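J.: One structure coming up, written as structure tokens, with questions to follow.
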Amino acid sequence: MSKLDEKIALYKEKMKEIEPNFDEALLEKITKSLGPSIYKKDSETVSCSSESELERVRNNFLKMKLGLDKSDEELDRAIKEVCEKMGTSNRNKYRALFYYFLVKKFNKESLYA
């Protein structure tokens, strides 16, 4: 099993704990799109307590990658919802899962088709 396959298996296992009926193919595509960042402990997860991290998610992922032109307030609310959905006490908010929920929220699955 490759390192990528191991990560995908881990993310699928964790996703089942949060949302049992999820789109496995979409999660795999999002994971692959993250490249080598999934192999580094710090970049593999999203820290909901770090304002600069959440700002990067908003600007680099939601605005640039997904092409959203909504207000910062609306995007920040969506990010906060995902933080809560994944569990405020959960220290391992894996970026692939975090982005999956944002992609689903804004109906941007077609970008990963």
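Each residue of the sequence shown is one higher than the last, beginning at -19 in this note's numbering.
Each residue gets a CB set at the ideal place from its N, CA and C atoms; glycine is no exception.
As the structure is a prediction and not an experimental result, all values here were calculated from the model.
Could you compute how far the alpha carbon of Pro0 sits from the alpha carbon of Tyr(-9)?
T.: 12 Å
J.: Tell me the rounded alpha-carbon separation between Gly15 and Leu55.
T.: Each residue's Cα considered, the two are about 24 Å apart.
J.: Does Thr25 come out as helix, strand or coil in the three-state DSSP assignment?
T.: strand
J.: What number of angstroms, rounded off, separates the C-alpha of Ser51 from the C-alpha of Glu61?
T.: Approximately 16 Å between the Cα atoms of the pair.
J.: Short check: CB of Ile18 to CB of Arg38, under 8 Å?
T.: no
J.: Among the candidates Ala(-11), Cys63, Arg71, whose CA atom is the shortest distance from the CA of Leu7?
T.: Ala(-11)
J.: Between which two residues does the alpha helix (DSSP H) carrying Lys73 extend?
T.: It is not in any alpha helix (DSSP H) - Lys73 carries neither H nor E in the DSSP assignment.
J.: Please classify Thr25 as buried or exposed, where buried requires at least 16 other C-beta atoms within 10 Å of its C-beta.
T.: buried
J.: Once the 5 residues before and after Tyr74 are set aside, which same chain residues still bring their CB inside 7 Å of it?
T.: Tyr(-9), Lys(-6), Glu24, Thr25
J.: For Ala94, count neighbouring C-beta atoms within 10 Å of its own C-beta (all shown protein chains included) and say buried if the count is 16 or more, exposed if not.
T.: This structure gives no information on residue 94, because the portion of the chain shown stretches from -19 to 93.
J.: Report the residue ranges of all alpha helix (DSSP H) runs contained in full by the region -19 to 31; include only those spanning at least 4 residues, in chain order.
T.: -17 to -2, 4 to 13, 21 to 24
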